Each structure stands twice: as structure tokens, then as C-alpha cells.
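Written out below as C-alpha cells is the structure these notes cover.
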Amino acid sequence: MEFGTAKTAGIAGPAGPDVIKDATTASFARDVIEASRDTLVLVDFWAPWCGPCKQLTPILEKVVRSYGGKVRLVKVNADEHPALTTQLRIQSLPTVYAFRDGRPLDGFMGAQPESAIRQLIDRALGDDAEADIAAVLAAAEQAREAGDLQAAAEAYAAILQEDQQHAAALAGLAQCYLASGDTERAEQMIELVPPDKRNLAAVQSVKAALELAHLAGEADNTVELARAVDANPADHQSRFDLAVGLAARGSKEDALNHLLEIVKRQRTWNEEAARKQLVQLFDAWGPKDPLTLEGRRRLSSILFS
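Going by our numbering, the final residue of the sequence shown carries number 312, and the count climbs one at a time with no gaps.
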């Protein structure tokens, strides 16, 4: 299954017409001080005779528009509004200040490259950017749990456009591929996770699911295995292989019951293979899955009875 990509609201998108405006001495309090309590505001002090200003302003406008409304640009003609330049101690042009919560946080003087402007904005946005990514990630998880793989994949992809090594987004996209039956692409996604992030629960869940998918290929004859178990309930190997095959095919509750039955009958069989497989299933299903919660409870009851 092919998943498309899309910019997601809150991370990036088309900016509206109000993100760039000119301010006067009279409107500065409204356009900058008050507006910065809701949105990051960049203030560009410029003058018509200033050559570097003419170089900087188009870059500022381009960068601000790329943030999809998360940042506004207010331009102040220093020649026409000298009271503002005096109040803010503007010593040279162009000068750019980043306002947030009614006060200047950061800024620079002189023409700057696009990368420097983005660094300024990202620093000023700070926790807001992280909160936006967290919100998109939560929405992606909800979509995936609801079975809307396309919407989930697009949300994960939007996060990855901002951070190509975002471990949770990579794991989530891998889960989408797994759910669509594309284990090869799921493996490719999980291999992109940085080594120091591979112990995250979301990443471990994908790895456990991939291992389960590989094991299922070795236990693909569930009909014969079920007959073997019916003929000999003490045939733990057949029951184990049957459980793995059932889990890979989505028969989670049956798989859980068979593995718990092995633990109940002979918990030490094959170096506790059934208990270990249960733990792997819980990792693959995730901590919120009802069968994970039920399985952990029933396993504890058997082990500590």
C-alpha cells in the first residue's frame, strides 16, 4: 500500500493574508505587543534607502509564510516612525526583533540568510513547536487505532518532514505499513530510527510485531497444528506454533489462550518459551490493547498462584 504525504495543520501549511502587515506608532501596541500574546511576531525595522533591508525583507516574508500562521511579520518604516526606533533603541537597519508574550525575546541586525532567520524563529517558538508535534502524533495514533491508515500515515509523514529521525513517527509509519501487510517497508522505516532511540516502547512494539510476522511464516499451517493439539493437548510445540500463527493472522485472543495454557501446564517448557512469546505479543500489541491488559493479568495469576 502506498501512503501519500501531506503538510499537517499546526506544523506547516498555507499562511493567511494577515501574517504580514505594516505597523505605525499608533498600531504598534495592537499589532505587536498584544498580537505576540497569541502568536510569535517578528518586527522588521527598515527604511526605503536601506540596501540590506531590500535584500532581507523578501526572505523574511518567504520564511514567515512557510510557518503556516505560527509566525507573523510586522514591518515598521523607521523613517516614518522614529519614536518607535528610539524607544526600542534601534541603532542600525535592518533590525529584526522576535516578540512573544508582549516582550522582545531575540533578534538580529543586518541582512541574514534564510537559515539564520529560521533558527531565530525555531528558538523563539520553543515548546510550542514540540507541543504541535505532540498533538499531530496523538492525532496520528488515534487515526491508526481507528483503522484510518492513510490519515495516520500522512500525519506521521508531516512530522518526518520536520524531523526525519523522529523515532515515534518512524515507528508509527512502520505500524501503518505492517497493518497493510507491507513488512518490507515497515522494516525499512524502523531501520531509520537512530540507535539511541531504538529502546523506545513504540519502536520495540514494531520490532516485536516484525519478529512475530517472521515467525508466522514458519507456522503457517494452523489447520494441521490445531488438529495436532486436539489430538494431544500436551503437544506444547504444536500449540506454541499454532499460537504464533494465530497471532500473526489477527486471532489474538486464541493465541493468548494457547500460550497461557502452555504456561499453566508447564511454565518451564523450552526455557519458558511461552511466557517469553507472551511478552513479545504484549509488546507488539501495545500497552493499551485490552488483550495486553487481560493477558498480563492472567499471566501474573498463573505465575504467582
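Heads up, the beta-carbon is just placed ideally off N, CA and C, and yes, glycines get one too. Keep in mind the model is a prediction, meaning the values are calculated, not measured.
Where does Leu298 sit, in a helix, a strand or coil, going by DSSP?
The answer is helix: DSSP assigns Leu298 an H, G or I state.
Keeping to the same chain, check which residues put their C-beta closer than 7 Å to that of Leu127; ignore five residues upstream and five downstream.
Ala105, Asp113, Phe115
With DSSP collapsed to three states, give me the class of Leu49.
strand
Please name the residue or residues paired with Met116 in a DSSP beta bridge.
Thr102
Can the beta-carbon of Ala254 be found closer than 8 Å to that of Leu298?
no
Answer yes if the stretch 70-81 comes into contact with the stretch 41-56, meaning at least three C-beta pairs across the two stretches below 8 Å, and no otherwise.
yes
Ordered along the chain, which non-local residues of its own chain (more than five positions away) have a Cβ less than 6 Å from that of Thr15?
Caution is warranted here: a pLDDT of 38 is assigned to Thr15, below 50, making its placement in the model unreliable, and no coordinate value can be reported.
Using a Cβ-Cβ cut-off of 6 Å (strictly less than) and excluding sequence neighbours within five positions of Lys82, which residues of its own chain qualify?
The residues are Asp29, Asp51.
Which residue comes first and which comes last in the alpha helix (DSSP H) that contains Asp261?
259-273 is the span of the alpha helix (DSSP H), which, as asked, contains Asp261.
Let me check understanding here. Comparing Cα to Cα, which of Ala181, Ser312, Gln273 lies closest to Arg246?
Gln273
Determine the closest residue to Gln182 out of Ser34, Pro65, Leu199, Ala216, with distance taken between C-alpha atoms.
Ranking Ser34, Pro65, Leu199, Ala216 by Cα distance to Gln182 puts Ala216 first.
With respect to the alpha helix (DSSP H) encompassing Val71, which residues constitute its N-terminal and C-terminal limits?
58-73
Would you give the residue range spanned by the alpha helix (DSSP H) that Arg256 belongs to?
Here Arg256 belongs to no alpha helix (DSSP H), and DSSP marks it neither H nor E.
Out of curiosity, what's the CA-to-CA distance linking Leu300 and Met196?
28 Å
Which residue comes first and which comes last in the alpha helix (DSSP H) that contains Lys283?
From DSSP, the alpha helix (DSSP H) with Lys283 extends over 280-292.
How is the alpha helix (DSSP H) around Asp237 delimited, first residue to last?
229-238
Tell me which same chain residues have a C-beta within less than 8 Å of the C-beta of Gln172, skipping the five on either side of it?
Same-chain partners within the cutoff: Leu199, Val200, Pro201, Lys204.
Which whole-angstrom value describes the C-beta separation of Ala145 and Ala159, a residue pair presumed to lie in contact below a C-beta threshold of 8 Å?
Taking a contact as a CB-CB distance under 8 Å, the pair Ala145 and Ala159 does not count as one, their CB atoms being some 11 Å apart.
For the alpha helix (DSSP H) that Arg192 lies in, which residues bound it at each end?
Taken as a continuous stretch (DSSP letters only), the alpha helix (DSSP H) holding Arg192 covers 190-198.
Skipping 5 residues on each side, what residues in its chain have a beta carbon closer than 7 Å to that of Ala193?
Ala181, Tyr184, Leu185, Val213, Leu217
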